[in-house]
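First comes the structure, then the notes that go with it.
As structure tokens, this is what we get:
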């Protein structure tokens, strides 16, 4: 199987392993047939985004021990659903994106120029 590509056309890079992210909990924002939410946008959490997504019914900041979910805080990286990132963009609270770790399928929902405008300066 070919390696997954990011929005820049190169091999998809790790988003985060602490906390472990990704639909498959392997640190990558990879996707597949069972990932109906398309968790493909690697983003660095901000307080504004976490508050916004909680207000929309998706609480990412509260720990859920039974699912081994520590709860996210500003600065954590996480694989977001492409539609949620787009919704946050339209609300003016889009968190910064790590382009090299964002799956190419994000482009089915999000515009590359928008993601570039909100990209995290990478090392």
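Residue numbers (this note's numbering): 4 to 126. Glycine included, every Cβ here is placed at the ideal spot set by N, Cα and C.
Please list, in chain order, all residues of the same chain as residue i whose beta carbon is under 6 Å from its beta carbon, the five residues on each side excluded.
i: residue 65; result: 74
i: residue 20; result: 30
i: residue 69; result: none
i: residue 123; result: 47, 99 and 101
Please state if the CB of residue j and the CB of residue i are separated by a distance shorter than 9 Å.
i: residue 83; j: residue 98; result: yes
i: residue 59; j: residue 28; result: no
i: residue 12; j: residue 18; result: no
i: residue 155; j: residue 46; result: Not covered by the structure: residue 155. The range shown for the chain is 4 to 126.
I'd like to confirm the pairing. Which residues does DSSP put opposite residue i in its beta bridges?
i: residue 100; result: 46 and 122
i: residue 20; result: 23
i: residue 14; result: 8
Could you name the residues of the same chain whose beta carbon sits closer than 8 Å to that of residue i, not counting the 5 residues immediately before and after it, in chain order?
i: residue 48; result: 63, 75, 76, 77, 78, 79, 80, 81 and 98
i: residue 53; result: 63, 64, 75, 76 and 77
i: residue 115; result: 10
i: residue 67; result: 74
i: residue 8; result: 14, 15, 106 and 107
Looking only at its chain, what residues have a beta carbon closer than 7 Å to the beta carbon of residue i, apart from the 5 residues adjacent to it on each side?
i: residue 110; result: 10
i: residue 55; result: 91, 94 and 96
i: residue 89; result: 112 and 113
Per the contact definition of three or more C-beta pairs closer than 8 Å, is the stretch 24-39 in contact with the stretch 100-117? yes
My parser needs the alpha helix (DSSP H) runs of 4 or more residues fully inside the stretch 46-84; what are they? 50-58
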